[in-house]
Amino acid sequence: MKRKILIEKSKNKIRTYLIEDDDIVEIHTSINEEQVPPGKLGDIYIGKVQNIVQNIGAAFIEITKGVNCYFDLKDAENAYFTHKSGKKPLCIGDELVVQISREAVKTKAPTVTSHLSFTGRYAVLTHGNTRIGVSSKIPRALRDEFKDRLSRMKNEQFGIIIRTNAKGVPFQEVEDEIERLKEEYKKLLNTALSRVAFSRLKSAPPTYISDLKNVYMEGMEEIVIEGKDLYTEIQEYFLTEFPEKVKLLRLYENPDFPLCKLYSTETALEKALKEFVWLKNGGYLIIQPTEALTVIDVNSGKMAVKSKNSAGAMKVNMEAAQEAAKQIRLRNLSGIIIVDFVNLESKEDTGILLKEFRNFLSKDPIPTTLVDMTMLGLVEITRKKVRKPLYEQENYLQAEIEAL
């Protein structure tokens, strides 16, 4: 598979496009780093406990003046305190090291955890969670080898997770990175002891750099960056973190024919924000996100489907399943997703459809699970929430820019 990344700057927004075999499969939007409000995913703060609500098993921790975050009380057991106000596991006034695990979404406050994570190219070091894990996308034999070697590095303070990018990388290189992450972890906790509440101990890289850090690089042909300043910033980061990948970077400068025209990215973004998606066979999808879940409705449209068990219905559903999986990834939809396919009476056809749909969803790098089909014929899907869906990224960032 041929893969390419485009990074373009449009006014105050920076957009990252991942292209696979000439098809845009992911779009992410961020704003300039100096405009990012407190509470960015991955940032680490010394927070102060402002309130404890036992009946929901949560506390609210202030990370900077006026920004309170949700905190699960179960996390308090492994918390790293810089100031303790009482003997209970967690007390109002306690100061502890926390990391943003989920950004604010609409009316919901950001979520913080005391289970700190330090992410590298090939591995993640986790404080408060001592398990050893290896990406399921790494072949079983190699997974077993990683687990065996990592078990010798196991520590009561932290756990280690091996990422998909470690596939094909010499273990010594992975081990060296783990040692660097351990040093970063120790240094941060030592620094915390001499800092006051609301101090930011670590700022996560800008989103557009995190996107590059997290993307699977196998088959990557180039990373095309529009604009000298943006190119220089990303180049400096790569020289420090991934010097062997600097050769992939390419500066693009052509004001008469910008990237958005060369690759039709504006058109792709516009389509990804619409709720209506046409299928090649004449059918269409209607994608409607709500506060609680996302609904994807499949319609036969221009294609006549005379009976519930017709080959026509199956054809519409098969194409719809492939397109729905693509749109879920493209739009970064997460949480509970319900897909309402054209009705099928044949159990055999239903089984084939669900099997193929699972196969399409398995290509998503973010954990996505097809749970089952309900008695009403609705397909239930869950997808891990990593960041805001695309439509919220665009709307939220526009509101942030206008508020500046």
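So for the sequence shown, the UniProt record's numbering puts the first residue at 1; every next one is plus one.
Each residue gets a CB set at the ideal place from its N, CA and C atoms; glycine is no exception.
Remember, it's a predicted structure, so these values are computed and weren't measured experimentally.
According to the DSSP assignment, Asn-51 belongs to the beta strand (DSSP E) that extends over 44 to 53. A Cβ-Cβ distance of about 5 Å is found for the pair Ala-325 and Leu-361, placing them in contact under the 8 Å criterion.
Partner residues in the beta bridge of Lys-9, as assigned by DSSP, are Ile-14. Checking the DSSP bridge columns, you'll see Tyr-252 partnered with Glu-226. DSSP links Thr-113 through a beta bridge to Gln-99. Arg-140 counts as exposed, since fewer than 16 other beta carbons sit within 10 angstroms of its beta carbon. Judged by beta-carbon spacing, Ser-30 lies within the 8 Å limit of Thr-207, meaning their Cβ atoms are closer than that value. Per the coordinates, the alpha-carbon of Glu-275 lies some 6 Å from the alpha-carbon of Gln-288. Counting C-beta atoms within 10 angstroms of its own C-beta, Leu-193 has fewer than 16 neighbours from the protein chains shown and is therefore classed as exposed.
Look at Phe-60 here: in three-state DSSP terms it is strand.
In the three-state DSSP reduction, Met-314 falls in the helix class (H, G or I).
Our two residues, Lys-87 and Phe-158, have alpha carbons roughly 24 Å apart in a direct line. Here Arg-383 has Ile-328, Leu-333, Ser-334, Gly-335, Ile-337, Asp-364, Ile-366, Pro-367, Thr-368 and Thr-369 as same chain residues with Cβ atoms under 8 Å from its own Cβ, once five neighbours each way along the sequence are excluded.
Counting along the chain, no beta strand (DSSP E) covers Ser-199, and no H or E run does either.
For the pair Thr-111 and Ala-59, the Cα-to-Cα distance works out to about 10 Å.
In the assembly as shown, Phe-146 is a buried residue. Its beta-carbon has 16 or more other beta-carbons within 10 Å. A straight-line Cα-Cα distance of about 20 Å links Phe-341 and Leu-330. Contact annotation: Gly-128 and Leu-96 have beta-carbon atoms that are not nearer than 8 Å. DSSP places Asn-190 in the uninterrupted alpha helix (DSSP H) bounded by 171 to 192. DSSP lists Val-379 as the bridge partner or partners of Met-373.
When DSSP reads this structure, Asp-340 sits in a beta bridge with Asp-297 and Leu-378.
Under the Cβ criterion (8 Å, minimum of three pairs), the region 55 to 70 counts as touching the region 111 to 122. The Cβ atoms of Leu-6 and Tyr-263 sit closer than 8 Å to each other. Between the alpha carbons of Leu-189 and Glu-103 lies a distance of about 23 Å. Take the alpha-carbon of Arg-180 and the one of Trp-278: they are about 48 Å apart. In chain order, Tyr-122, Ala-123, Val-124 and Ser-135 place their CB closer than 7 Å to the CB of Arg-163, counting only its own chain and leaving out the 5 sequence neighbours on each side. Under DSSP, Arg-131 shares a beta bridge with no residue.
Per DSSP, the unbroken alpha helix (DSSP H) holding Glu-270 starts and ends at 265 to 272.
In the assembly as shown, Met-314 is a buried residue. Its beta-carbon has 16 or more other beta-carbons within 10 Å. Following the DSSP letters along the chain, one finds Leu-142 inside the alpha helix (DSSP H) bounded by residues 140 to 151. Assignment of Gln-235 by DSSP, reduced to helix, strand and coil, places it in the helix class. For Phe-158, the enclosing beta strand (DSSP E) stretches over residues 158 to 162. The three-state reading of DSSP puts Cys-69 in strand, counting E and B together.
For Thr-207, the secondary structure class from DSSP, reduced to helix, strand or coil, is helix.
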